[in-house]
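Oh and the sequence shown: position 335 is 894 in our numbering, straight run, nothing missing. Scroll down for the structure; my scribbles are underneath it.
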Amino acid sequence: MKLAVLGGSFNPIHLGHLYLADTVLSILDFDRVLLVPAHTSPFKPETPGASPRDRLDMVLASVAASPRLGVDDLEMRRGGISYTADTLEEIIKQYRPEGKPALILGDDLAKDFAGWKRAAEIAERAELIIARRVSDPSNGRPPSFPFPCTPVRNEIMEISSAMVRDRIGRGGAWRSLVPQGARFIIEERGLYQNLNQNRNQNPNQDHNQVEEPPPEKQAGKPQTDGGPVFPSLLARVEDTARSMLKPSRFLHSRGTALLTRDLALALGMDGNAAYLAGIAHDMGKALAEGELFALAKRDGKPISRLERKKPALLHGRAAAVLLRERFGVHNGDILEAVALHTSGGAGMGILAQVLFIADKIEFSRKGVDNSLRERAAEVLAGKGDFPALFRAVLEDNVRYLRSKTMEVSEKTLRILELLKQGAPGAEKHQA
Ligand SMILES: [Fe+2]
Ligand SMILES: [Fe+2]
């Protein structure tokens, strides 16, 4: 296997790194680029805003489904200052690559290469690939590079880790500059938010060991009741919904997720929890009747007469069970919202009401009464009457079902009755 090595702090990894690796793989004859995050770079001894473990996790999360990109944590395991000569020696011993491995250097670093520890030995044992970095006009080869090298006239992607860190710290636009996996980790762990504070606290605290993030900050952890809903969970559920559903149904789910989120935020609620409920609510639509019954039963509630007659009504309950069992979601508000989105239920919580509304009036749905969308727009603008909107959507739903001579669920009629009476049970969760 012909191997090229791309080292660096990756603080954080960004699209420029991946584009450079992609360029080397595309125009030179290599099978794999190995990304090797430094524990402590000799050139940048301070790595503000993220621990070595954070940086390694971001790199790992950015190479999913990319078999031509490898990651090795040997510099992290070795600890201390990461010298390329030591790393190269280990890589040759471990990987036994075909021919000399290549070392990809930015021309900004290459100009000082002669001063690196055991530079001549590195140049002897590796093929040096010199790539253009941010706005460097030298076209690859530095003017006085004293060793054989292969310049790459790659296009320059004007992104640097320092730029990403700076933008996060200032609240600027940065999310499309980094791979999605890295974005999730930055958001979930709140990296680079308070750089100035971190820098002044203890510049050496992250350099000596690879620290585990506190358990509550680890990505992919099952959601607990009321715990934060992480973007990586949203992405996993959304991928599953997209793979299960027909495109039109998936687009409806996405429209519902967006409107549920927007309404929830307007009402001062958690946007991610709302999006999760919306994106998952129709996953059960892809299931056969037998699966619907089997899943729905596992929520511990009886199957009603109407649900037996029309098993499709169980798709909300089945989706809620899928969320809990397959994705570890235990947030009661989210599970209730998904389970009740088909027929509603007396005393349903505010998130369940929001999802019920969004499902019925999201923008890809045809034949929606315009006045409902206008009322929703008022709620979104912070001026509307949310309980009135919920009641209007329920009444519209009942009218629609009756016009099609379809049986209306007793649960739907019961909640409408309670709303008409102004019963506290129906309003108890309303803001
Ligand atoms: Fe549905
Ligand atoms: Fe739906």
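Where is the CB? At the ideal position from N, CA and C, for every residue including glycine.
Item	Value
Residues near G638 in its chain [Cβ-Cβ closer than 6 Å; skip 5 each side]	H598
Nearest-angstrom Cβ-Cβ length linking S720 and P571, presumed shorter than 8 Å	6 Å
Run of the beta strand (DSSP E) containing I689, from where it starts to where it stops	686 to 690
Beta-carbon gap between P738 and L577 smaller than 8 Å	yes
For I663: DSSP bridge partner residues	I688
Inter-residue Cα distance where the pair is K659 and L574	27 Å
Beta-carbon gap between T819 and L972 smaller than 8 Å	no
Runs of alpha helix (DSSP H) wholly within the region 945 to 982 (minimum 4 residues, chain order)	945 to 962, 969 to 980
Under 8 Å between C-beta atoms of A898 and R864	no
Bridge partners - L865, DSSP secondary structure assignment	Answer by DSSP bridge pairing: none, since L865 is not bridged.
Check: D581 C-beta below 7 Å from any heavy atom of ligand 2	no
Beta-carbon spacing of L910, V880 below 8 Å	no
Supposed contact pair R961 and V967 - C-beta distance, whole angstroms, cut 8 Å	7 Å
Neighbouring residues (CB closer than 7 Å to any heavy atom of ligand 2)	H811, S812, T815, H840, D841, H900, D918
Contact test: G926 Cβ vs ligand 1 heavy atom, cutoff 7 Å	no
Opening and closing residue of the beta strand (DSSP E) in which R808 lies	Where R808 is concerned, there is no enclosing beta strand (DSSP E), although the alpha helix (DSSP H) it sits in stretches over 806 to 825.
Same chain, Cβ closer than 7 Å to L851, neighbours up to 5 away in sequence not counted	G843, P870, L873, H874, A877
Heavy atom of ligand 1 within 7 Å of H874 beta-carbon	yes
Separation of I916 from V938, as counted between CA atoms	12 Å
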